[in-house]
Amino acid sequence: FSMLDGTPIHHYMGCSTFANHTVVPEIALAKVREDAPFDKICYIGCGVTTGIGAVINTAKAEIGCRGVVFGLGGIGLNVIQGLRLAGADQIVGVDLNDDKAEMARRFGMTDFVNPKNVEGDMVAHLVELTKGGADYTFDATGNVGVMRTALECAHKGWGTSIIIGVAPAGAEISTRPFQLVTGRNWRGTAFGGAKGRT
């Protein structure tokens with residue numbers, strides 16, 4: 001993308017979704033009803049698609065699973081909604097802001113954890129709360145330390161941790177190989193694994 005004078009326009013993930021104007025191919029557009037309230041439909045393009053898609057398309061969560069969601073912003077809330085739609089038995093929300101718990105419960109969260117209120121090891125706390133570890137964990141924070149915690153509280157043998165949050169440029173994630181050779185899966189997702197029209 002560039003301005004008319006050729007000055008490059010830098011954008012986030014190739015979307016430029018916060019731009020006032022943009023040029024996109026017709027196939028990248030979706031027509032909405034004239035009476036659709038913009039303050040509601042504006043969330044569908046990223047937050048809803050990314051959050052629910054991470055559960056349905058990427059994790060392929062199933063009925064009766066246990067999930068832990070780190071970060072209860074717009075995407076995290078929709079991960080919770082996706083877990084509810086998938087039929088999860090337990091949905092744990094993790095956030096530093098207690099004020100987010102009420103809305104998360106409305107989306108389907110069953111348990112709330114504020115790491116500031118946990119004495120001792122956060123991973124051990126979540127493993128105990130989920131009775132052995134979560135089947136699925138989701139990072140919607142972009143914090144590489146949280147990404148590691150999300151992996152390590154996934155159940156040994158089959159737990160899958162999905163990275164949704166975008167970390168700062170140049171950031172690296174790390175864990176001990178033991179966390180993976182004991183059967184955990186570490187995956188990433190972009191836009192909830194949605195396959196756009198091509």
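Here UniProt numbering is used: the first residue of the sequence shown is 1, the next is one more, and so on. Glycine included, C-beta positions come from ideal geometry on N, C-alpha and C.
Gly74: member of the alpha helix (DSSP H) spanning 74-86, first to last residue. Beta-bridge pairing by DSSP links Ala140 to no other residue. A direct Cα-to-Cα measurement between Asp5 and Ile27 gives close to 26 Å. An exposed status is given to Trp158, since fewer than 16 other beta-carbon atoms sit within 10 Å of its beta-carbon.
Leu151 and Asp98 have their alpha carbons spaced roughly 23 Å apart. Rounded to the nearest angstrom, the gap between the Cα atoms of Leu126 and Glu62 is 20 Å. Scanning its chain for C-beta atoms nearer than 8 Å, with the 5 sequence neighbours on each side dropped, one finds around Met3 the residues Ile9, in chain order. Asp39: member of the alpha helix (DSSP H) spanning 38-41, first to last residue.
Judged by beta-carbon spacing, Gly193 lies beyond the 9 Å limit of Thr22, meaning their Cβ atoms are not closer than that value. Distance between Leu77 and Phe191, taken at the CA atoms: about 15 Å. A residue is called buried once 16 or more other Cβ atoms fall within 10 Å of its Cβ, and Val181, having fewer, is exposed. Assigned with DSSP and collapsed to three states, Ala54 falls in helix.
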